[in-house]
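Trainee:
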Amino acid sequence: MTDQITTDPSKAAQRMRAGSLKLTVLPWVLAAVALMLMPFIFTSNSALTIMNQMWITVIFALAYNMLLGQGGMLSFGHAVYAGVGGFACMHIMNNSDLFSSFPLPVLPVFGGLFGMGLAMIVGAFSTRSAGTVFAMISLGVGELIAACSVIIVAFFGGEEGISGDRTYAMPFFGNEFLQQIDVYYLTSFWVLLSAILMYLWSRTPVGRMANAVRDNPERAQFLGYSARWVRYYSFVASGFFAGIAGGLFAINYEILTEENLNTASSGVILLVTFLGGVGFFFGPIIGAIVFTLVQTVLSLQTELWAFYAGSLFLATVMFFPGGLAGLLMMHVPVFKLGKAKLLITPYFKTLLPAAIGVLGLCALVEMTFHYRHAASGDHEMTLFWTTFDSHTLLPWLIAAVITAVGLGIAKKTAPALKEAWNEANTAGDLT
């Protein structure tokens, strides 16, 4: 009798496994080497700015996943901790006597401390329970502080925000961080250090108990652990790393506004974490990279980037609850069984036509948007490096045919892909 090996990314117990404080060095060394080499591959200042934004989002998403993925606490206002940390760092920048007394790489620590301080205050009453109560409290706190950003002008700067100059800090080995490449390596150092610390936190007894409280708080309390204090410690630690992300944002952009702590920013980080994969440590990293590329690179090509980002998020939640990381981890049993080659042909026959069909559907969406919103007399549009008249019938027919044929082929070959997937996950000799 054959045994079928399956994984369910939607179940936390199969996502997070017990571990220790031992740190596998190789992945972190490879990550450090990749961070060092990327500026030599992407040399423009715009690329460096995008990568800085990407790494800041990675830290923020990992901090948020300490709540949602590891502790089961859904927060709708977590951006306030990054925002308050960033505003505090901006005030330190503007205090010339204090700012000139320490090097710039130390500044994110102050952002983390301010974010942690706010988390200690809010967590004192918000972590008494999880679920809907915690989510609603987080939403209320987020809205309250966002409203205060316009009222308390002395700290938040009102609608204009607060700006600063990072070059006033004490030179760090003669480096005044005038160039974007200098800021990139500072941000890369902090993203690597923060990721290592958050990973180690997830392996501590508190981190493991956060998983237990997430899955079964009643049993955790029966064993003698306080679910409230476990949630509180996770909440405070998450606030600290969110504050570090806010401090790095202040260094990178040298300005903070109300947008950095409003509900929209909290919603974005929720989207990023779900997209990458809630519960997987590396899931938020994937989500941050994908979302930042969509937000920056794709937005240069189309005004509808938010529509595509939302569609991707919706498809992930509906069909891949484990996120992009869960989609990757589903293939681990296949590789362990040595049957990955069984999926190559079915993937090619199904996913390639599906991708072509989706591109055709995107073409229809873009053409509809251009047809409805282009200036009067502007009939020409460029799509997929092809310029054509959107007011003629032929482009619409071509896009419709490509969509129908691509999705039709994918639907027809999907049963064969499912059969190949089941076979690849079944232990036994290759046939």
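Numbering (this note's numbering), first residue to last: 1494 to 1924. Where a beta carbon is used, it is the ideal one built from N, C-alpha and C, also for glycine.
So, is residue 1811 buried or exposed, given that buried needs 16 or more other C-beta atoms within 10 angstroms?
Mentor: Residue 1811 is exposed by the Cβ-count criterion.
Trainee: May I ask you to report which of helix, strand or coil DSSP gives residue 1664?
Mentor: Three-state DSSP puts residue 1664 in coil, outside helix and strand.
Trainee: Using three-state DSSP, classify residue 1874 as helix, strand or coil.
Mentor: Residue state, collapsed to three classes: strand.
Trainee: Please report how far the alpha carbon of residue 1528 lies from the alpha carbon of residue 1522, in whole angstroms.
Mentor: So the two alpha carbons sit approximately 10 angstroms from each other.
Trainee: Does residue 1497 come out as helix, strand or coil in the three-state DSSP assignment?
Mentor: Because residue 1497 sits at a pLDDT of 42, beneath the cut-off of 50, its placement in the model cannot be relied upon, and the following sentence gives the value as read from the coordinates. Residue 1497: strand per DSSP, three-state reduction.
Trainee: Compute the beta-carbon to beta-carbon distance between residue 1566 and residue 1677, rounded to the nearest angstrom, for a pair I have assumed lies under 8 angstroms.
Mentor: In fact, because the Cβ distance is near 32 angstroms, the residues do not count as touching under 8 angstroms.
Trainee: Identify which residue in 1708, 1747, 1632 and 1646 has its Cα closest to the Cα of residue 1562.
Mentor: Among 1708, 1747, 1632 and 1646, the Cα nearest to that of residue 1562 belongs to 1708.
Trainee: When we look at the beta-carbon of residue 1546 and count the other beta-carbons within 10 Å, is it buried (16 or more) or exposed?
Mentor: Buried, by the Cβ-count rule.
Trainee: DSSP three-state call for residue 1886: helix, strand or coil?
Mentor: If DSSP states are grouped into helix, strand and coil, residue 1886 belongs with the helices.
Trainee: Roughly how many angstroms separate the alpha carbons of residue 1504 and residue 1541, rounded to a whole number?
Mentor: Residue confidence is low: residue 1504 scores 47 on pLDDT, short of 50, so the model does not pin down where it sits. Its coordinate-derived value is still stated next. Cα to Cα, residue 1504 sits roughly 37 angstroms from residue 1541.
Trainee: Any contact of the region 1616-1631 with the region 1773-1790, i.e. 3+ C-beta pairs under 8 angstroms?
Mentor: Because the criterion of three Cβ pairs below 8 angstroms is not met, the region 1616-1631 and the region 1773-1790 do not touch.
Trainee: Quick one: residues in its chain with C-beta nearer than 6 angstroms to the C-beta of residue 1759, no 5 flanking neighbours on either side, listed in chain order?
Mentor: Hits under 6 angstroms: 1569, 1570, 1571, 1572 and 1635.
Trainee: Excluding the 5 residues flanking residue 1907 on each side, which residues of the same chain have their C-beta closer than 7 angstroms to its C-beta?
Mentor: Closer than 7 angstroms at Cβ, skipping near neighbours: 1843.
Trainee: Less than 6 angstroms between C-beta atoms, sequence neighbours within five positions excluded: which residues of the same chain meet that for residue 1700?
Mentor: Cβ neighbours of residue 1700 beyond the five flanking positions: 1694.
Trainee: Is the distance from the Cβ of residue 1836 to the Cβ of residue 1825 below 8 angstroms?
Mentor: No. Outside cutoff.
Trainee: Using the beta-carbon count (16 or more within 10 Å), is residue 1646 buried or exposed?
Mentor: So residue 1646 ends up on the exposed side.
Trainee: Ignoring anything shorter than 4 residues, give me the alpha helix (DSSP H) runs that lie fully in the region 1674-1753, in order along the chain.
Mentor: DSSP runs (the alpha helix (DSSP H)) wholly in the region 1674-1753: 1698-1708, 1710-1715 and 1720-1746.
Trainee: How long is the line joining the alpha carbons of residue 1651 and residue 1641, rounded to whole angstroms?
Mentor: Near 9 angstroms, if we compare the C-alpha coordinates of residue 1641 and residue 1651.
Trainee: Does the region 1596-1607 touch the region 1731-1742, meaning 3 or more C-beta pairs lie closer than 8 angstroms?
Mentor: Enough Cβ pairs lie closer than 8 angstroms, so yes.
Trainee: Do residue 1654 and residue 1751 come within 8 angstroms of each other at the CB atom, strictly closer than that value?
Mentor: Yes, the Cβ-Cβ distance between residue 1751 and residue 1654 is below 8 angstroms.
Trainee: I need the DSSP call for residue 1620, collapsed to helix, strand or coil.
Mentor: DSSP places residue 1620 in coil when its eight states are reduced to three.
Trainee: How close, in whole Å, do the beta carbons of residue 1809 and residue 1768 come, if the pair is a contact with beta carbons under 8 angstroms?
Mentor: At roughly 6 angstroms, the Cβ-Cβ gap stays under 8 angstroms, so residue 1809 and residue 1768 are in contact.
Trainee: Leaving out the 5 sequence neighbours to the left and right, which residues in its chain are closer than 7 angstroms to residue 1762 when beta-carbon positions are compared?
Mentor: Only 1553, 1554, 1557, 1571 and 1572 meet the Cβ criterion.
Trainee: Distance, Cα to Cα, residue 1550 vs residue 1749?
Mentor: Their backbone Cα atoms lie some 15 angstroms apart in a straight line.
Trainee: So, helix, strand or coil for residue 1635, using DSSP?
Mentor: Helix, per DSSP.
Trainee: Are the region 1850-1868 and the region 1811-1823 in contact at 8 angstroms, needing three or more beta carbon pairs?
Mentor: As far as the Cβ criterion goes, the region 1850-1868 does not touch the region 1811-1823, which means the pair count is below three.
Trainee: Within 10 Å of its beta-carbon, does residue 1793 have 16 or more other beta-carbons around it, so buried, or fewer, so exposed?
Mentor: When all chains shown are included, residue 1793 counts as exposed.
Trainee: So what's residue 1881 in DSSP terms, helix, strand or just coil?
Mentor: Correct three-state label for residue 1881: strand.
Trainee: With DSSP as the reference, label residue 1908 as helix, strand or coil.
Mentor: Looking at residue 1908 - three-state DSSP - the assignment turns out to be helix.
Trainee: Tell me where the alpha helix (DSSP H) around residue 1822 begins and ends.
Mentor: Per DSSP, residue 1822 belongs to the alpha helix (DSSP H) from 1816-1822.
Trainee: Going by the DSSP bridge assignment, what does residue 1656 pair with across the sheet?
Mentor: According to DSSP, which records beta bridges pairwise, residue 1656 is partnered with 1748.
Trainee: Mapping the DSSP letters down to three states, classify residue 1843 as helix, strand or coil.
Mentor: Helix.
Trainee: Where do the ends of the alpha helix (DSSP H) carrying residue 1578 lie?
Mentor: Note, residue 1578: alpha helix (DSSP H), 1572-1587.
Trainee: Just curious, the alpha helix (DSSP H) that residue 1757 is in, first and last residue?
Mentor: That run of the alpha helix (DSSP H) goes 1756-1769.
Trainee: Helix, strand or coil for residue 1896? Go by DSSP, reduced to three states.
Mentor: Residue state, collapsed to three classes: helix.
Trainee: Which whole-angstrom value describes the C-beta separation of residue 1559 and residue 1691, a residue pair presumed to lie in contact below a C-beta threshold of 8 angstroms?
Mentor: Right, the Cβ-Cβ distance comes to about 6 angstroms (below 8 angstroms), so this counts as a contact.
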